[in-house]
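K.L.:
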Amino acid sequence: LADARLEAAQMMKQLRQGLDPLVARKKNSFSNIVTVDDLFADWQKENEKRLKHPQIPARVYRKDISPHIGDYKIHQVRATDIRHIIQYIADSNRPSISNDALMYCKQLFNHGIKLDVVESNPASAFNVTDAGGVEKSRDRVLSIDELKQFFKVAHENNDSFSRDNFIACSLLLTLGVRKSELCKAQWSEFDLDEKTWKLVDERTKTLTATNIPLPDMVVSLLKELQIRACGSKYLLPNRRASKKPHMGDDTLNRAITKLFGHEAGKKKQPPNLMGDMDHF
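Going letter by letter, the sequence shown gives residues 287 to 566 in my numbering.
1) Can you give me the Cβ contacts of residue 505 inside the same chain, cut-off strictly under 8 Å, excluding the 5 residues immediately before and after it?
2) Between 398, 350, 359 and 475, which lies nearest to residue 386 when the distance is taken from Cα to Cα?
3) Hey, residue 455 and residue 545: beta-carbon distance below 8 Å or not?
4) Taking DSSP as the reference, what is the three-state secondary structure of residue 330?
5) Please look up how many angstroms separate the CB atoms of residue 541 and residue 451, rounded, as I've assumed it's under 8 Å.
6) To the nearest whole angstrom, what separates the beta carbons of residue 365 and residue 418, a pair I think is in contact under 8 Å?
7) Does residue 447 come out as helix, strand or coil in the three-state DSSP assignment?
8) List, from N- to C-terminal side, the alpha helix (DSSP H) runs of 4 residues or more that fit wholly inside the region 487-558.
9) Residue ranges of each alpha helix (DSSP H) run of no fewer than 4 residues wholly in the region 395-474, ordered along the chain?
10) Under the three-state reduction of DSSP, which class applies to residue 359: helix, strand or coil?
11) With DSSP run on the structure shown, which of helix, strand or coil describes residue 477?
12) Could you check what DSSP says for residue 349 in three-state terms: helix, strand or coil?
13) Below 8 Å between beta carbons: does that hold for residue 360 and residue 414?
14) With a CB to CB cut of under 6 Å and the five nearest residues on each side skipped, what residues in its chain are close to residue 329?
15) Can you find the residues in the same chain that come closer than 7 Å, C-beta to C-beta, to residue 483, ignoring five residues on each side of it along the sequence?
16) Quick check: what's the CA-CA separation for residue 345 versus residue 428?
17) Quick check on DSSP: helix, strand or coil for residue 299?
18) Within a Cβ cutoff of 6 Å, which residues of the same chain sit near residue 355, ignoring the five residues on either side of it in sequence?
19) Tell me the residue span of the alpha helix (DSSP H) that contains residue 321.
20) So, is residue 384 buried or exposed, given that buried needs 16 or more other C-beta atoms within 10 angstroms?
Shown next, in the form of structure tokens:
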């Protein structure tokens with residue numbers, strides 16, 4: 287009872303000072319959001335409700351934004367900090383990620399303004415010309431001769447370019463699906479007798495389920511993958527300890543790049559096995 291009287295007295299004092307105790311209490315509910323990482327955790331809860339792929343902004347934030355400002359108090363972040371982030375990413379030859387990081391920074395601090403934990407958005411003054419620039423469509427196309435050369439080199443170097451990777455590239459070329467759609471594919475979606483793949487709508491970019499016919503050559507490759515999967519529900523299970531049970535998004539990119547003599551994180555680079563062929 288004594289505590290209740292004290293709280294009531296404090297509320298009366300706030301009212302005399304022109305403050306609404308209910309508004310103050312609502313503001314205090316966000317008092318645990320202090321750092322940029324705290325703000326991201328709250329923003330990500332909304333992303334998981336409204337976005338089809340909330341892991342995408344989470345990946346960009348954790349890899350390219352949080353290491354720079356994650357432990358900053360929200361009001362300490364300045365425009366120069368945002369500028370440093372987007373230029374650092376752009377300088378690493380990742381212009382599209384730089385643009386994405388800028389977009390997510392704007393959304394993140396707008397979320398902070400909605401919660402009244404920050405008064406202004408330090409990213410608002412920047413646009414894509416300050417980050418990675420206006421993105422252009424890729425115009426790299428492989429000729430028939432280049433395709434022959436790639437598969438020949440990949441087949442001859444199966445110690446570095448695994449059979450799973452070889453089959454995955456064959457399926458991408460034959461079926462024309464997106465890389466993420468293939469990497470996350472499950473055996474329950476396939477009917478090898480009817481020779482069809484029902485690509486479920488929650489994994490397509492168009493949000494529409496698609497029935498994909500399977501040529502005989504593809505069926506034979508799938509039967510081989512079925513043996514190699516060793517009972518996994520995924521066509522291409524992850525071969526290493528990882529949070530993802532299926533082949534990672536960057537696995538094929540890294541494997542192909544290695545054939546061109548580049549391996550991320552290694553001081554001693556592998557030989558270029560692709561000759562004078564332009565990288566793709």
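Glycine included, each C-beta is placed from N, C-alpha and C at the ideal position.
P.N.:
In this structure, then:
1) 478 and 481
2) 350
3) no
4) helix
5) 5 Å
6) That pair is no contact at about 18 Å.
7) When DSSP states are grouped into helix, strand and coil, residue 447 belongs to the coil group.
8) 502-514 and 537-545
9) 430-442, 449-461 and 465-469
10) DSSP places residue 359 within a strand segment (E or B) once states are collapsed to three.
11) Of the three classes helix, strand and coil, the one that applies to residue 477 here is strand, per DSSP.
12) helix
13) Going by C-beta atoms, residue 360 is not nearer than 8 Å to residue 414.
14) 394 and 397
15) 475, 476, 498 and 500
16) Straight-line Cα distance between these residues: approximately 30 Å.
17) helix
18) Only 322, 363 and 367 meet the Cβ criterion.
19) Looking at the DSSP string, residue 321 is not in any alpha helix (DSSP H), and its letter there is neither H nor E.
20) That one is buried.
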